[in-house]
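Residue numbering for the sequence shown follows my numbering, beginning at 99 and increasing consecutively. The structure appears below as structure tokens.
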Amino acid sequence: MTTHGGTLLHAHTVFDGWRSICVSLYMTLVGYGVLVGIPVISTAWVNLLGFSEVEVGRVAGADLGGLSLGAIFTAFIIAKINRRYLVFGAVMIAVGANALCTIMVEYEQVLWLRLLSGIGSGIYTAVAVATLGATARPARAYNMMLFAFAFSQALEMHILPQLSMNGIYMVFIGCFLFGLLFLNWIPARPVERNLDIEIDVEDDGGRHHRDRMHVPAYVPWLVLGAILATYVNIGAYWTYIELASLASAATPQWVGQVLVWSSFFSIVGCLFATFISNRFGLARPLLITLVFQAIIVVMLVGGINDTNIIISMFSFNFLWVFIDVYQMSTIANVDHSGRFAALMPGAQGLGQIIGPNLAASILAAGYGYDGIFVMCAIASLTGLSIYLFMYMRLRKIIPALADAT
């Protein structure tokens with residue numbers, strides 16, 4: 099008897115409750131707050147604290163690198179410890195570091211405090227992302243998260259530039275503390291701790307049955323590697339896109355408006371990503387998306403003007419959603435313990451260390467913003483290469499996972 103094809107199955111658990119989903123969505127918005135607001139926060143560090151463009155790259159890298167370290171730490175213990183304890187500790191770290199930033203403003207001081215704040219955010223975010231990934235339909239959960247990001251990012255782009263540096267830090271402090279009111283809504287423990295998946299398969303007689311398969315450990319590791327590569331691109335782009343635009347022929351007021359309104363274009367991306375993944379799975383749309391993302395970054399090489407900056411920013415926001423939904427859902431489909439899901443913010447944060455720091459080094463070497471955008475495109479194509487290799491391997495061994503939704 100032979101079987102044909104197969105469909106990936108998902109079981110409903112306590113993680114599918116509306117309270118668990120709601121608090122996790124809120125936590126991701128707060129935990130990723132610096133990441134999505136980095137263009138205006140970077141500008142604030144320059145204008146309000148007097149940091150140089152190179153120093154901004156280092157500080158942004160420290161903040162988002164701390165996110166990576168916190169997530170990596172969480173991945174080792176999330177399957178063994180009560181998640182509510184992790185969240186409470188993370189809030190204390192993040193709030194304390196942000197509070198100290200209001201009174202310690204020298205570059206070296208801010209650099210280390212942002213690293214500490216990032217570690218708290220990384221622990222906080224890793225728990226939230228792993229909790230969303232444990233739902234029966236992780237692609238839908240992550241799409242909801244990115245849908246909410248479209249509004250939170252636009253809100254940050256509009257409100258944060260109007261605040262003082264201390265005002266920005268106080269916003270983050272208030273958001274972290276507010277989330278503690280709903281701490282008991284977070285499920286304390288994972289349901290499973292393995293990389294097994296269940297597939298509905300059909301035999302020669304047309305009969306359906308469930309088949310349990312073990313996913314090779316290299317699959318989630320490859321995805322994490324690809325996430326790192328794509329976030330080198332995202333981290334460098336978002337850290338320097340506003341500064342690059344202001345140093346170009348583009349109109350400053352126009353650039354500020356585009357930053358705000360392009361964030362809302364992520365909403366369209368969320369809706370379109372769901373439609374596409376339901377029809378074609380996760381992998382194939384992701385491969386095409388990474389090619390287009392490389393193109394819309396490279397188009398800025400040679401000069402920025404009012405026309406190409408709007409095309410680039412709107413397209414980047416649209417495609418960013420595709421990449422995150424597909425990447426995160428691929429890991430969530432195979433990891434029910436939360437270990438690899440918790441590492442996703444770690445891979446993102448590590449990319450955010452490498453991206454801004456590579457960009458800062460490119461500027462320091464005198465290659466200008468054109469050099470940054472070339473590097474961003476190369477990073478995107480690196481992620482494409484990893485996914486293409488993984489997709490071809492899965493098509494041979496677990497077709498149902500290769501084209502899972």
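Ideal Cβ positions, reconstructed from N, Cα and C, are used throughout, including at glycine.
Classification of residue i by the beta-carbon crowding that lies within 10 angstroms, buried from 16 upward
| i | result |
| --- | --- |
| residue 282 | exposed |
| residue 307 | Caution applies to residue 307, whose pLDDT of 48 falls short of 50 and renders its modelled position unreliable; the value that the coordinates give is listed next. When all chains shown are included, residue 307 counts as exposed. |
| residue 473 | buried |
| residue 143 | buried |
| residue 145 | exposed |
| residue 135 | buried |
| residue 456 | buried |
| residue 301 | Reliability of the predicted coordinates at residue 301 is poor, the pLDDT of 49 falling under 50, and no value is obtained from them. |
| residue 488 | buried |
| residue 233 | buried |
| residue 273 | buried |
| residue 483 | exposed |
| residue 262 | exposed |
| residue 157 | buried |
| residue 445 | buried |
| residue 240 | buried |
| residue 495 | exposed |
| residue 116 | exposed |
| residue 185 | buried |
| residue 279 | exposed |
Whether residue i touches residue j by CB criterion (9 Å)
| i | j | result |
| --- | --- | --- |
| residue 458 | residue 151 | yes |
| residue 229 | residue 122 | yes |
| residue 129 | residue 426 | no |
| residue 285 | residue 432 | no |
| residue 188 | residue 441 | no |
| residue 333 | residue 449 | yes |
| residue 395 | residue 375 | no |
| residue 463 | residue 401 | no |
| residue 162 | residue 451 | yes |
| residue 181 | residue 287 | yes |
| residue 478 | residue 342 | no |
| residue 127 | residue 250 | yes |
| residue 264 | residue 475 | no |
| residue 329 | residue 470 | no |
| residue 408 | residue 398 | no |
| residue 148 | residue 454 | no |
| residue 413 | residue 390 | yes |
| residue 242 | residue 200 | no |
| residue 131 | residue 254 | yes |
Anticipated Cβ contact below 8 Å, residue i with residue j, distance rounded
| i | j | result |
| --- | --- | --- |
| residue 60 | residue 384 | Residue 60 is absent from the model: the chain starts at 99 and stops at 503. |
| residue 198 | residue 213 | With a Cβ gap of about 12 Å, residue 198 and residue 213 do not count as contacting. |
| residue 447 | residue 165 | 3 Å |
| residue 423 | residue 371 | 5 Å |
| residue 271 | residue 196 | 5 Å |
| residue 321 | residue 428 | 5 Å |
| residue 138 | residue 259 | 5 Å |
| residue 277 | residue 124 | 6 Å |
| residue 225 | residue 176 | 7 Å |
Checklist entry - Is the segment 406-422 touching the segment 366-376 in the sense that three or more CB pairs, one from each, lie closer than 8 Å? => result yes
Checklist entry - Are at least three pairs of beta-carbons, each pair with one atom in the segment 169-184 and one in the segment 216-224, less than 8 Å apart? => result yes
Checklist entry - In chain order, which continuous runs of the alpha helix (DSSP H) of length 4 or greater are located wholly inside the segment 381-467? => result For the segment 381-467, whole alpha helix (DSSP H) runs of length 4 or above, ordered along the chain, are 381-396, 404-430 and 437-462.
Next on the checklist: Give the list of continuous alpha helix (DSSP H) stretches no shorter than 4 residues that lie fully inside the segment 130-187.
Outcome noted: You should have 131-147 and 151-175.
Item to check | alpha helix (DSSP H) segments (min. 4 residues) lying fully within the segment 213-269 | outcome: 236-257
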